[in-house]
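Structure, as structure tokens:
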Amino acid sequence: MYTVIFSKSADKDIISIVKHVAAENPEAAKKLGSSLLDLTLSLDSMPYRGSKVKKRRGVLKLIHGNYLIYYRVNEDKKTVEVLSFKHGARMK
Numbered sequence: 080m081y082t083v084i085f086s087k088s089a090d091k092d093i094i095s096i097v098k099h100v101a102a103e104n105p106e107a108a109k110k111l112g113s114s115l116l117d118l119t120l121s122l123d124s125m126p127y128r129g130s131k132v133k134k135r136r137g138v139l140k141l142i143h144g145n146y147l148i149y150y151r152v153n154e155d156k157k158t159v160e161v162l163s164f165k166h167g168a169r170m171k
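Printed below as a string of structure tokens:
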């Protein structure tokens, strides 16, 4: 098992995402926030299931609907560091 840790940037990202969605639909925001966190926390048992990110060595990503979860695995410390949550349409 790995320990999942969140960078300050990832913390800010998820709060921003949930606030943005909550402005239109509070219930959807709650469900989205929960599902993003559940998927992210499940990396404790399967950290390498994400795909490699080109041009960012050692970084993996998971896709959840329109959202991307970027993270890296530290084998020595048995941790998964969540780097950021991004909306796919805002990546360009």
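For the sequence shown, position 75 matches number 154 in my numbering, and the numbering has no gaps at all. Every residue, glycine too, gets a C-beta built ideally from N, C-alpha and C.
For residue i, the three-state DSSP class (helix, strand or coil)
{"i": "Val176", "result": "Only positions 80 to 171 of the chain appear in this structure, which leaves residue 176 out of reach."}
{"i": "Lys157", "result": "coil"}
{"i": "Ser163", "result": "strand"}
Alpha-carbon spacing of residue i relative to residue j, whole angstroms
{"i": "Arg151", "j": "Lys165", "result": "15 Å"}
{"i": "His143", "j": "Asn104", "result": "19 Å"}
{"i": "Tyr146", "j": "Asp117", "result": "14 Å"}
{"i": "Thr158", "j": "Ile96", "result": "24 Å"}
{"i": "Gly137", "j": "Pro126", "result": "12 Å"}
{"i": "Arg100", "j": "Leu115", "result": "In the sequence as presented, Arg is not what sits at residue 100; that position holds Val. Computed Cα separation, rounded: 13 Å."}
{"i": "Gly112", "j": "Glu154", "result": "27 Å"}
{"i": "Arg135", "j": "Lys98", "result": "28 Å"}
{"i": "Val83", "j": "Ser121", "result": "9 Å"}
{"i": "Ile94", "j": "Lys109", "result": "11 Å"}
Proximal residues to residue i (C-beta, below 7 Å), its chain only, five neighbours per side dropped
{"i": "Ser124", "result": "Met80"}
{"i": "Lys133", "result": "none"}
{"i": "Thr173", "result": "This structure does not reach residue 173, given that the chain is present from 80 up to 171, and the question cannot be answered."}
{"i": "Lys131", "result": "Leu139"}
Whole-angstrom C-beta distance between residue j and residue i, which should lie under 8 Å
{"i": "Ile148", "j": "Lys156", "result": "Incorrect: roughly 19 Å between the Cβ atoms, too far for contact."}
Cut-off 6 Å between Cβ atoms - residues of its own chain near residue i, not counting five sequence neighbours on either side
{"i": "Phe85", "result": "Val161"}
Other residues of its chain near residue i: CB distance less than 8 Å, five sequence neighbours each side excluded
{"i": "Lys171", "result": "Residue placement at Lys171 is flagged as unreliable, the pLDDT there being 49, under the threshold of 50; the coordinate-derived value follows with that caveat. Contacts found: none."}
Do three or more CB pairs link the region 80-93 to the region 156-164 at distances below 8 Å? yes
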